[in-house]
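Taking it in order: structure first as C-alpha cells, then the write-up.
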Amino acid sequence: MKEMIGKASAKVRNTVERGAVKKFAEAVGDVHPIYLDEEVGKKSRFGENIAPPTFARVFDYGVIEGLNMPNKGLIHGEQIYHYERPLLVGEDVYCYAKVSDYYEKPGALGNMGFVVLENNGEDKDGKTIFTSKSIVILSEAYRKVQQV
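So the sequence shown is numbered by the numbering used here: it starts at 116 and just counts up by one.
Below, the structure is given as C-alpha cells:
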C-alpha cells in the first residue's frame with residue numbers, strides 16, 4: 116500500500132444541485148433555511164443557498180488507479196473537513212482524491228493498516244473550496260486476504 120502514497124485521481128466535475136441539497140439536509144435532519152429557502156439564500160452574505168458541511172461526501176472524486184479497496188469490510192477511522200468557503204447551490208465543483216499516507220500499528224488482532232485519503236474540491240478557476248481527510252483502517256484479516 117505504501118506505493119500508493121501520492122497517487123491521485125483525475126478531477127471530476129460535480130454540481131451542487133438544489134434537489135440533492137434538500138434531500139441531504141432532510142436526511143441528516145438539518146433543514147436550516149440557508150440550505151432550503153431561496154429567499155433566505157439570496158439575502159445571505161453568500162447571495163445563494165449553501166450546502167450542509169458534510170454534503171461534499173456525496174461527490175464523485177474519481178478513481179485512483181491501482182487502489183483496490185472494497186466498499187465492505189473496511190473500518191472508517193476518522194473524517195475531517197476544512198472549508199475555505201461554503202459550497203454554493205448551483206455551482207460546479209471539481210473534485211479529486213489522493214492517497215496521502217499509509218502506516219501500520221499493532222492491534223489486538225494483529226497489525227492494522229491505516230490509509231489516509233484526501234478529497235479535494237476546487238472551483239472552476241482551480242481555487243480550493245474544501246479539503247477533507249479520511250482514515251480507512253484495514254484489519255489484519257483483510258490485509259491477509261488482500262496481501263497488503
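Built from N, CA and C at the ideal position, the CB exists for glycine as well. From a predicted model like this one, the values you see are computed outputs, not experimental measurements.
- Taking a cut-off of 8 Å for Cβ pairs, the stretch 227–238 and the stretch 203–217 touch, as three or more such pairs fall below it.
- Leaving aside the five residues that flank residue 150 on each side, the residues in its chain whose CB is nearer than 7 Å to its CB run, in chain order, 136, 140, 164, 165, 166 and 167.
- Contact check for residue 211 and residue 142: beta-carbon distance about 25 Å, past the 8 Å limit, so the pair fails to qualify.
- Residue 146 and residue 154 have their C-alpha atoms some 15 Å from each other.
- Residue nearest to residue 246 within the set 219, 195 and 229 is 195 (criterion: CA-CA distance).
- Excluding five sequence positions before and after residue 255, the CB atoms of its chain that fall closer than 6 Å to its own CB belong to 224, 225 and 226, given in chain order.
- The criterion of a C-beta distance shorter than 9 Å is not satisfied by residue 202 and residue 116.
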